[in-house]
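I have placed the structure first, in the form of structure tokens, so that the comments after it can refer back to it.
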Amino acid sequence: LACAARVLPGGRLTVHFLAALSPYLTIGAGVASLLPLIARPSWWIAGPALLLALALAVQVPHFFGSGRTPAQSVAIRVLTANLHEGSADPKALAALARERTDLLVVQELTPQAAEGLSRHGLDSELPYRAVDARPGAAGVGMWSRYPILRSSRAPGYQLGVIIASLRIPDVTSDAVVLATHLAGPWPQPIDGWRKELANLPGTMRTAAEAAGAGAVIVAGDLNATADMAPFRRLLEGGFSNAADQAGAGLARTYPADGSVPPLIGIDHILTFNSAASSLQTVRIPGSDHLGVIATIHVPT
């Protein structure tokens, strides 16, 4: 059922829930099927066990880098972070961004959180910004070490998508960055989530057309895992998952505020005409998500 859920478009939350947990369910089923094989060797039991083991092969590419960095490129460090309705520690996040990033993309950015990040010195190292801070979970924004030439909020997204042009030194064509936060499939009705995931490829294509020969970077909380069919449709048309390019595995980011490790990866960085050489998750104090930080190589 878990394997089937990965390929079904599905309109029900149950299908996507099974898809998100498919790595764990497949491993568990494989181990469970081996137990009776140990007790009573039989090809009738070994056959299903082998099929379940083969099903795990769909996870293997996540652990081997698929991206080839351009020979002539500029490396930029990108961090995306969900601020948990502004509850993340602004001092800790500002320090992390100043030291380790060239581009910070944030979701659930409240006016108070935006002011806190500036107060703790974020603007000193990342002086360019495109910010649409709003109460609750609807705010998005980005801070950059490089000039942001223009920015706008894309229509049709409940929690916000900001599109901005980024001028990177020594790069001929300006990059386009999408700071993205899609509606969740739960606890609100799933229709909004399905609609926004269906609309995002069109927004990404428009960004790619605007970039021309330049790179496109999509970063944020997509509320979808790599095992969900709607997420994989985002990778059509030349876009790639930075985690797969870097061989970073499942890159699990949520939930990150409990006593157990995060179970699923719903925060992502996607690339177009560029490639990630490294990607890792980082703890954001006060947030219920881990952040994702990646080194993206943009062709000159």
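In my numbering, the protein residues as written are 475 to 774.
Glycine residues also receive a C-beta, built at the ideal position from the N, C-alpha and C atoms.
For residue i, the first and last residue of its enclosing alpha helix (DSSP H)
i, result
"P773", "Run containing P773: none in the alpha helix (DSSP H); it sits in the beta strand (DSSP E), L764 to P773."
"L671", "I664 to A685"
"S592", "P585 to R593"
"D597", "L596 to E599"
"A653", "Looking at the DSSP string, A653 is not in any alpha helix (DSSP H); the run it does join, the beta strand (DSSP E), is A649 to H655."
"V481", "A476 to V481"
"A604", "Here A604 belongs to no alpha helix (DSSP H); instead the beta strand (DSSP E) covers Y602 to D606."
"L570", "P564 to R574"
"A703", "A703 to R706"
Residue i burial status per 10 Å Cβ neighbour count (16 or more: buried)
i, result
"E589", "exposed"
"Q546", "exposed"
"I636", "buried"
"D576", "buried"
"D741", "buried"
"R593", "exposed"
"T488", "exposed"
"T727", "buried"
CA nearest to the CA of residue i, picked from the options
i, options, result
"V734", "H763, P601 and T654", "H763"
"S496", "L508, I512 and A529", "A529"
"R624", "Y602, A612 and A611", "Y602"
"Q662", "A476, R486, C477 and A478", "R486"
"G712", "D701, A700 and A749", "A749"
"A698", "S647, W660 and G688", "W660"
"A700", "I622, G723 and S626", "G723"
"R706", "A672, A725 and Y728", "A672"
"V651", "G630, P736, Y631 and I622", "I622"
"S751", "D731, Q719 and A730", "Q719"
"A693", "P675, A503, T677 and I743", "I743"
"L499", "R641, Q533 and S516", "Q533"
Close beta carbons around residue i, own chain, < 8 Å, minus the five adjacent residues each side
i, result
"R608", "L583, T584, P585 and G634"
"S761", "A555, N556, L557, H558, S561, A562, A730 and D731"
Residue range of the unbroken beta strand (DSSP E) whose run includes residue i
i, result
"A698", "Careful: A698 lies outside any beta strand (DSSP E) and carries neither H nor E."
"V579", "L577 to Q581"
"L640", "V635 to L640"
"R627", "I622 to R627"
"S561", "Where S561 is concerned, there is no enclosing beta strand (DSSP E), given that its DSSP letter is neither H nor E."
"G658", "Neither: G658 is in no beta strand (DSSP E) and is coded neither H nor E."
"S761", "Careful: S761 lies outside any beta strand (DSSP E) and carries neither H nor E."
Beta-carbon contacts of residue i that lie in its chain and below 6 Å, excluding the five residues immediately before and after
i, result
"S810", "Since the first residue shown for the chain is 475 and the last is 774, residue 810 is missing from the structure and cannot be characterised."
Cβ-based neighbour list, residue i, same chain, cut-off 7 Å, excluding 5 preceding and 5 following
i, result
"W667", "L656, A657, G658, P659 and N697"
Any non-hydrogen atom of the ligand HEM within 8 Å of residue i CB
i, result
"A698", "Questions concerning the ligand HEM fall outside what the structure shown contains, since it holds no ligand whatsoever."
Problem set entry | Runs of beta strand (DSSP E) wholly within the region 488 to 559 (minimum 3 residues, chain order) | 547 to 556
Problem set entry | Residue ranges of each beta strand (DSSP E) within the region 732 to 758, 3 or longer | 741 to 746 and 749 to 757
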